[in-house]
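Numbering (my numbering), first residue to last: 25 to 133. Below you'll find the structure, written out as structure tokens, and then a few comments.
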């Protein structure tokens, strides 16, 4: 068997493996790392969204569970792994602006 034909046979598989790594595996690892950093940085008063879609305010972060407030009278403990994302203060402002622009268009029409 010739050396060139073996390399030519496996070359497409090597290229496919590299593409698979850079398009799927590496971005997922970066996202998991960013999520872990976000969980580690949770502090009292942070607003979060759970994987179930509940919007909560962190009262007391713990190792495995986080005590959160759903409203003024409801305080529950949730698993740290159920936190989907942290709501940044800057994310709330553009949503209000978009809603006000829609209302202006509706009034003008």
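All residues carry an ideal CB built from backbone N, CA and C; glycine is no exception. Please read these numbers as outputs of a predicted model, since none were measured by experiment.
| Item | Value |
| --- | --- |
| C-beta contact flag for residue 109 and residue 72 at 8 Å | yes |
| Residues bridged to residue 72 (per DSSP) | 80 and 110 |
| For residue 29, three-class secondary structure by DSSP | helix |
| The stretch 80-88 contacting the stretch 36-51, beta-carbon criterion three pairs below 8 Å | no |
| For residue 90, the residue or residues it bridges with in DSSP | 85 and 102 |
| Simplified DSSP state of residue 65, which is helix, strand or coil | coil |
| Residues of its chain near residue 94, where Cβ-Cβ distance is below 7 Å and the 5 sequence neighbours each way are ignored | 78, 80 and 100 |
| Rounded separation between residue 106 and residue 44 - CA only | 28 Å |
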